[in-house]
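Residue 55 in numbering that gives the first Met the number 0 sits at position 56 of the sequence shown; the count goes up by one each step and never skips.
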Amino acid sequence: MADRPTNDPPVPDAPRDLSRRRFLGRAAVGAGACVGAGLLAAPTAMVLTPLVSDGPGAAGERWFRVGPLSAFPVGGPPTRIVLRADQHDAWMTVKNAPVGSVFVQRTGETELAVLSGVCPHLGCAIGYRADGDRFQCPCHGAAFARDGSLAADAGASPNPAPRPMDALSWRVRGDAVEVRWVRYRPGTAAQEEIA
Ligand code: FES
0 MADRPTNDPP
10 VPDAPRDLSR
20 RRFLGRAAVG
30 AGACVGAGLL
40 AAPTAMVLTP
50 LVSDGPGAAG
60 ERWFRVGPLS
70 AFPVGGPPTR
80 IVLRADQHDA
90 WMTVKNAPVG
100 SVFVQRTGET
110 ELAVLSGVCP
120 HLGCAIGYRA
130 DGDRFQCPCH
140 GAAFARDGSL
150 AADAGASPNP
160 APRPMDALSW
170 RVRGDAVEVR
180 WVRYRPGTAA
190 QEEIA
């Protein structure tokens, strides 16, 4: 399942490959963060984000189903969706663990814009502020316009983010919106996929 708070907690999204000790710790942090976010923001909806496929392409490529197209009104605000999947290591499996988050916006009848919720500065979870109609990172003040571009008037000056928010691929199959989840390396001006 996935929760859809409007503001993110100031913690990094869960990484994908973990040692057992780190895995358990991060899983606990992720679960706590989700619970906290749920307390901060009244839930507007609950959606399933099933892992559709582990792709054969780039390392870590995964497609997630994030909901029906009708769940995203044209011109509506960005919808944050936490992606969840089973996490495995050599010792155990954690079911339905958060692996990342995305913001989905429907920009036209058949057009979407999907942005990674991972801050390109150091990897904290970005939140969307409806009052300012922009994205903001709670960790060091990076700010982004609604299209993900760097905001000129960041809370911190200069804007610490080295690049805009990372755009992700999407597709519609039937009425289902699917998102290709990719984690990019933080702290670099250029996009570089990491596993
Ligand atoms: S991690 Fe987002 S501003 Fe530093």
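Quick reminder that beta carbons are idealized off the backbone N, C-alpha and C, glycines included.
Rounded to whole angstroms, PRO157 and ALA142 show a C-alpha spacing of 10 Å.
Annotated as proximal: LEU167 and SER115, with beta-carbon spacing under 9 Å. Membership of GLU177 in the beta strand (DSSP E) is indicated by the continuous run 175-180.
For ILE125, there is no enclosing beta strand (DSSP E), since its DSSP letter is neither H nor E. For the pair TRP62 and ARG182, the CB atoms are not nearer than the 9 Å cut-off. In this structure, LEU114 has its beta carbon at no less than 8 Å from each heavy atom of ligand 1.
Going by C-alpha positions, GLY99 is about 6 Å away from VAL81. Taken through DSSP and simplified to helix, strand or coil, SER69 comes out as helix. Taking the Cβ atoms as the reference, VAL176 lies roughly 6 Å from GLY66, within the contact range of under 8 Å.
For TRP169, same chain residues with a beta-carbon under 6 Å away, outside a window of 5 residues either side, are LEU111, VAL113, VAL178 in chain order.
Between GLY147 and PHE134, the C-beta spacing is below 9 Å.
A distance below 7 Å between beta-carbons, with the five flanking residues on each side excluded, links ARG128 to the following residues of its chain, in chain order: GLN135.
GLY186 sits in coil when the DSSP states are folded into three classes, being neither helix nor strand.
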